[in-house]
Structures are given as C-alpha cells and as structure tokens.
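In the working numbering, the protein residues as written are 1093 to 1574. Below is one structure, written out as structure tokens, with a few remarks after it.
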C-alpha cells in the first residue's frame, strides 16, 4: 500500500487502496484454526454451534459423551484447552521451512472465545485455558522469522452462532454466561448442518443491533492497535446488509493506521462484502477459472473435512496442494493454507509432514512462485478447474499435459503439473506465438544445466533428464529475449 493520502470511510475514498508488494509477491501463507473447538475434536470447528442444534450428529455425540447441555455446555471445554505444549517459536520455524511468507492465526472464531488480550471480555486465552496471549506470542515469533503477520476475526458470526441453545434447556440461556454465548439470536430457516445453507438466509436475517455492530468495530480496531497485523481476514457474514457503514469505518481506520506504521496491509472479504478495489477478495475452498486482474486469495485447508483438529482427519496430499498453489498463482492469486493444532498446542504430525513437503518443493521451484505475475494466459491442458467457493475437492487429477504459466522479468515459467516423461511439449509456445520475443534458453529448475529444445507448429519441445529433480510439479524456466 503506497498511497500516502488519508482514507475516509467512503467507498470512493477506499478505492485509493493498493495491494502491498509483500502480498503480491509472497503468494503463500499459513492459516491456523485453533481454539476451544479443538478440544471435543469432533466433526469440525462448528461443533460449538451444532452441539446445540437438535438432530445433528454433534448434538447426539455431545449428549452421549458429556451429558445434558445444562450440565456440560461449550464453556466447560475451556479448562481442557490448556495449550501446554504450545511453542510459537517452533511453529514459526515450521512455517518458515514450509516456505510461507505470511501467517494468519484465528484471533476469534464464531464461538466468541478470544485468542488475544481483549479488553472488553474475560472469555479469552489470556484469562482462561492457556492463560497466554496466543496472538501476541505468535506475532512476535512470526516476525522474528521475517514473515508477515496477519490475523482473522469471525466475530460477526457470533451474533447468532449459539442460537440452537435457545430451543431447549441449556447453559446458553443461563444469564451467568450471557457475556460469553452472546445474543444467540434465533434464526429462521437454519438447521446448522451445513455452512452453505446460511449464505442466502443470513444476508438480512437476523439483524444485529447497533450495540453489537459498534462492539464488533471496537474489537476489530483493538486487534489492529494491539498487534499491527498486516492482513485482517473476515468470514462471510460481514456481507450482511447491516455491515457496510462499519466496514467502511474499519477499512479507513486500518488503512490510516498502516500509513502511520509505514506498512502495507490488506483486508480479506468474501463474495461482495467489500467493493472491487477496496480490499482483497478471498474464495473459500475454491479457485477461479481465469486470471483475475486484481490479486485474490484462495483459503483452503490441509483437511477435506475440517478446519480445526478433529479425530480421523481426511487429509489432502501434498501433491494436490502444490498443484493448487501453482494454479492459483498462475491466475494472480495467493494461497492461504490452513492447519489445525491439537488442544495441547502440538501441530499434528501429518500436517507438519505436508508443510515440510511443500517447503521442499518451494526450495527448488520457488522462483516460479514468489515475486511472479501472470502471463497472457494462465495455462493449458485438459483438466478443468471448477470456479467458486467449496469446490476444492471437485476437480480431476492434473495430467502431464496441464501447464501453468508465471512470469518474472524476462523469464517465463511453464509449470508442468505431472511428470511428462522424456519430452515436455508446451503448446502455448508453438511457432509464431511469441510475436516480439525469442526463446534463448530453457532450464528445468533443480537441474544445473540447460536443456535441449526446439519449437515447431506443435509447440515448444523440451528434452527432459531421466531423473526427476523433485516431486509434485516440474518447472521449465524459459528465458526470453528482451
């Protein structure tokens, strides 16, 4: 963000915003869903909602495992969230070795438990559970590793998140805990089983009060002031019809604070909560079909079934995640990849292994990712990538005919998403396609010498070595004349 003009809380003024270089160049970040919801380790991070929704597996599980909701409610998981093995320095070292350039822990999820030192609540990790300022400690450790620190706030959704507990006797209705469970307003047309069911109905219902909206704004500005995050990620419910004036006020406040700090910052939003050009679009668990002129982001998880730690995770492969990173970057995007630590603060071993595998790939091929920009086309090949949110497990496997392109200076990177064997053919570089430039050299990243190649009407033909230089995806660095 290079603009030095102060921002006003209007869309017109906020369109002066520019995406900071660290974000456009960094491409890869780590998201962290960790909180009280990690303790039950059942289903997903929506356990605190669905445990109160009759008819859901979480409701049945809760009754069978913990007893009636009047005797053991969500608040009673907090003492079990001890984080006794939480080591922010070790976490930051892992993220750095994974090749991440920015890190975004959840500061407060829909459950209303703050992982930071919130001045307006005692339901925080500072006063309960770990008795530590998780966000503050992570911020320092991440910055010490030279990475950019951000955070997410899901506070908006807390307005209705626990409303299932209003329908029968539960601790949600106990006045002693009203400051934790929040207003928990009843909501029509919701059974709580799937997040996607909320998208249409929550645009105008239920309508948050001015008091709640002002509290949301104050809490979010406090996060900015205390931790100076360079990225603030919001979930979808800020798209509610009540939020626009508050979103304008927050963005102006945050962007002006960033000018005072001399740091480039960004806000992430879903769907159309912020107008184009005022913040950075985030697509949850999904990608785009084409190059987007403005930087965007795909946030997804290493797990197919949950954002937080649960038993029996269904993990994605490092190969599929690296391929998605390549596809996203080729379309002018960044990938924010989520992990879910256990309640004791240990990152599960399979997740550590995935991150380190990504890091090994980036150590060889990072030149094709970091600091790059899209080419005139994002790629070629037969595999179709579905567009939109919640499509991350819908695509077919990529093939050796699938290439993605990125550029940096006079280098064009053609990234083959599966090993093509003895010869790679890049059809987008057929004779006559490079009208003003010539190919002068071709390398395969990870191989010290240049490769043999020729161009004809079918494309650029490159003779590959017998041994792969890495796994997962293979980068041809094509040097072009000036």
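The beta-carbon is built from N, C-alpha and C at its ideal position, and this holds for glycine as well.
Asked	Found
Apart from the five residues on each side of it in sequence, which residues of its chain come closer than 7 Å, Cβ to Cβ, to residue 1309?	1338, 1341 and 1342
Is the beta carbon of residue 1228 within less than 7 Å of some heavy atom of the ligand NAD?	Summarising the ligand content, the structure contains no ligands, and the ligand NAD is consequently not present.
Leaving out the 5 sequence neighbours to the left and right, which residues in its chain are closer than 8 Å to residue 1572 when beta-carbon positions are compared?	1502, 1503, 1504, 1526, 1529, 1530, 1531 and 1532
Measuring CA to CA, which of 1474, 1516 and 1317 is closest to residue 1210?	1317
Give me, in chain order, the residues of the same chain whose beta-carbon lies closer than 6 Å to that of residue 1286; leave out the 5 immediate sequence neighbours on both sides.	For residue 1286, the predicted model reports a pLDDT of 38, less than 50, meaning its position is unreliable; a value from the coordinates is still stated below. Around residue 1286: no qualifying Cβ.
Just the C-alpha distance for residue 1273 and residue 1136, rounded to the nearest angstrom, thanks.	19 Å
Please determine if the stretch 1546 to 1564 and the stretch 1391 to 1400 are in contact, where contact requires at least 3 C-beta pairs separated by less than 8 Å.	no
Let me confirm a value: residue 1193 is counted as buried when at least 16 other C-beta atoms fall within 10 Å, else exposed. Which label applies?	buried
Taking residue 1099 as the reference, which of 1467, 1132 and 1350 has the closest Cα?	1350
For residue 1131, which residues in the same chain have their Cβ closer than 7 Å to its Cβ, ignoring the five residues on either side in sequence?	1169, 1172, 1173 and 1435
Express the C-alpha separation of residue 1377 and residue 1542 in angstroms, rounding to a whole number.	38 Å
Taking just the CA atoms, how far does residue 1536 sit from residue 1512?	13 Å
Rounded to whole angstroms, what's the CA-CA distance from residue 1198 to residue 1402? Just pull it up for me.	17 Å
Strictly by DSSP, which residues pair up with residue 1241?	1195
Could you tell me which residues DSSP puts in a beta bridge with residue 1043?	In the structure as shown, the chain starts at 1093 and stops at 1574, and residue 1043 therefore has no counterpart that could be examined.
On a Cα-Cα basis, can you pick out the residue from 1545, 1509, 1510 and 1539 that is closest to residue 1523?	1545
Chain B beta carbons: is any one of them nearer than 8 Å to that of residue 1124?	Included in the structure is just one protein chain, with no chain B present.
Find the nearest neighbour of residue 1164 within the set 1216, 1175, 1264 and 1121, judged by alpha-carbon distance.	1264
Between the stretch 1317 to 1328 and the stretch 1355 to 1363, are three or more C-beta pairs nearer than 8 Å?	yes
Thinking just about the alpha-carbon of each residue, which of 1391, 1456, 1415 and 1426 is nearest to the one in residue 1481?	1391
Any idea which residues DSSP pairs residue 1555 with across the strands?	1515
Within 10 Å of its beta-carbon, does residue 1152 have 16 or more other beta-carbons around it, so buried, or fewer, so exposed?	exposed
Looking at C-beta atoms only, is the number of pairs between the stretch 1364 to 1373 and the stretch 1459 to 1477 that lie closer than 8 Å three or more?	no
With the cut-off set at 8 Å, would you say residue 1479 and residue 1380 are in Cβ contact?	yes
Excluding five sequence neighbours on each side, which residues of the same chain lie with their C-beta closer than 6 Å to the C-beta of residue 1218?	1209 and 1225
Once DSSP output is grouped into helix, strand and coil, what is the label at residue 1400?	coil
Within 8 Å, do at least three Cβ pairs link the stretch 1226 to 1238 to the stretch 1247 to 1258?	no
Can you tell me where the beta strand (DSSP E) with residue 1536 in it begins and where it stops?	1531 to 1536
Using a 10 Å radius around the Cβ and a threshold of 16 neighbouring Cβ atoms, would you call residue 1422 buried or exposed?	buried
What does the Cβ neighbour count give for residue 1353, buried or exposed, with the cut at 16 atoms within 10 Å?	exposed
Leaving out the 5 sequence neighbours to the left and right, which residues in its chain are closer than 7 Å to residue 1414 when beta-carbon positions are compared?	1450, 1453, 1564 and 1565
Could you spell out where the beta strand (DSSP E) holding residue 1572 opens and where it closes?	1566 to 1572
I think residue 1117 touches residue 1462, with their Cβ atoms under 8 Å apart; what is that distance to the nearest whole Å?	6 Å
Hey, how far is the Cα of residue 1266 from the Cα of residue 1189?	47 Å
In this structure, how does DSSP classify residue 1166 when only helix, strand and coil are distinguished?	helix
Does DSSP put residue 1171 in a helix, in a strand, or in coil?	helix
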